[in-house]
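Report on one structure; see the data block that follows.
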Amino acid sequence: MKIRRYKKVSKFLSFYKNSFGFKTPYQVLVDGTFCYAALENHINIANDIPRYLHDEVKFLTTYCALIETEELGKQVGGAKVIQKQYALHKCGHEGKAIPGDKCFLSMVKKKNPQHYIIATQDKDLQKRLQRLPGVPVIYLNMKTPILLPPSHASEKATQKQSNAVVQAQKTNIDLMKKQKGLLVEGADKPKKRKLKGPNPLSCKKKQNPTKVDESINKVEDGKVEKRSRKKIRIPKHVKELLINNVNNQ
Ligand SMILES: [Zn+2]
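Residue 249, in UniProt numbering, is where the sequence shown stops; the numbers in between run on with no holes.
Printed below as a string of structure tokens:
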């Protein structure tokens, strides 16, 4: 097995171990479609799947899944022989079989408490299993076993779990603090902001229509008139007198 593929499988399995409590030997629940594909592609399930998962595997099936394969007749006779080698896990439908896909779905509901890995070639069943948290799915792509990556449902459930753990830890710490008198009731509550008036910087000043700044341009009859200072004109003879006085000094 290529190193990259091995790392991927290890990563996925670690996720299921850490987040959903999967343990070895892994319990792989096998249906007739998987056995049939293995036979067609000359895959030895008992050898190749443990090698792919890099650990011990216990192969199982259910009464319903076995009945379904048997009902398909001689064409899948070889698959039936393989499937019959596996231990039957109680599914609760013994004596009154239901379709294999529905049986497998019932085995993994409520977060897959028995930690089954489902081995099936049924694409529709794979899709439905991916909607449930904590259900690994394995199938054969010709001669290559493939473990599907953890589904969105599994990742979401993990996130929820870790949030709950963080909250529980916080509650415990608060309780310990309280017992030791380190926590004052309501001290860590965020302070309520006092209601203040609107931000004065964001408010425009109201203009007083009666008070008009006279230094600003006056508007008369729609024309803008500039207020200017009157120029003081000095008579010519006074100017000359002043110049003479300066020169004489
Ligand atoms: Zn069943």
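Just so it is clear, CB atoms sit at the ideal spot from N, CA and C, and this is done for glycine as well.
These numbers come from a predicted model, not from an experiment.
What does DSSP give as the partner residues of residue i in its beta bridges?
| i | result |
| --- | --- |
| A87 | L60 |
| L148 | Its beta-bridge partners do not exist; DSSP assigns none. |
| Q126 | According to DSSP, Q126 bridges with nothing at all. |
| N141 | T144 |
| Y116 | Q27 |
Quick check: the Cα distance between residue i and residue j, rounded to an integer number of angstroms?
| i | j | result |
| --- | --- | --- |
| I98 | M176 | 53 angstroms |
| Y36 | Q159 | 37 angstroms |
| P25 | L182 | 48 angstroms |
| H89 | Q27 | 10 angstroms |
| L60 | L29 | 5 angstroms |
| K84 | G77 | 11 angstroms |
| C103 | Q179 | 51 angstroms |
| T120 | Q126 | 7 angstroms |
| C64 | N41 | 25 angstroms |
| K17 | K23 | 6 angstroms |
| K11 | G95 | 40 angstroms |
| I3 | Y52 | 11 angstroms |
| T69 | I117 | 19 angstroms |
| I67 | S19 | 34 angstroms |
| P50 | L148 | 16 angstroms |
| A46 | H54 | 13 angstroms |
| E71 | V81 | 13 angstroms |
| Q167 | A157 | 15 angstroms |
On the three-state DSSP scale, how would you describe residue i?
| i | result |
| --- | --- |
| P50 | helix |
| A97 | coil |
| I82 | helix |
| I173 | helix |
| L72 | coil |
| Q121 | coil |
| K109 | coil |
| F22 | coil |
| G92 | coil |
| R4 | helix |
| H237 | helix |
| V219 | Since pLDDT at V219 reaches only 49, below the 50 mark, its modelled position is unreliable, and the value read off the structure follows with that caveat. Reduced to three states, the DSSP call for V219 is strand. |
| Q135 | A small correction: the amino acid at residue 135 is Val; Gln does not occupy that position in the sequence shown. Residue state, collapsed to three classes: coil. |
| N247 | helix |
| K180 | coil |
| residue 253 | Nothing can be reported for residue 253, as the shown portion of the chain is limited to 1 through 249. |
| G197 | coil |
| I67 | helix |
Please classify residue i as buried or exposed, where buried requires at least 16 neighbouring CB atoms within 10 angstroms.
| i | result |
| --- | --- |
| T171 | exposed |
| I173 | exposed |
| P113 | exposed |
| E56 | exposed |
| V137 | buried |
| G134 | buried |
| P145 | buried |
| D124 | exposed |
| V9 | buried |
| S154 | buried |
| A38 | buried |
| M107 | buried |
| I232 | exposed |
With a threshold of 7 angstroms, establish whether the CB of residue i neighbours any heavy atom of ligand 2.
| i | result |
| --- | --- |
| Q83 | The ligand content of the structure shown is limited to ligand 1, which means ligand 2 is not among them. |
Listed by chain order, which residues have C-beta atoms less than 7 angstroms from any heavy atom of ligand 1?
Neighbourhood of ligand 1, defined by CB distance below 7 angstroms to any of its heavy atoms: T62, Y63, C64, C91, G92, H93, A97, I98, C103, S106, in chain order.
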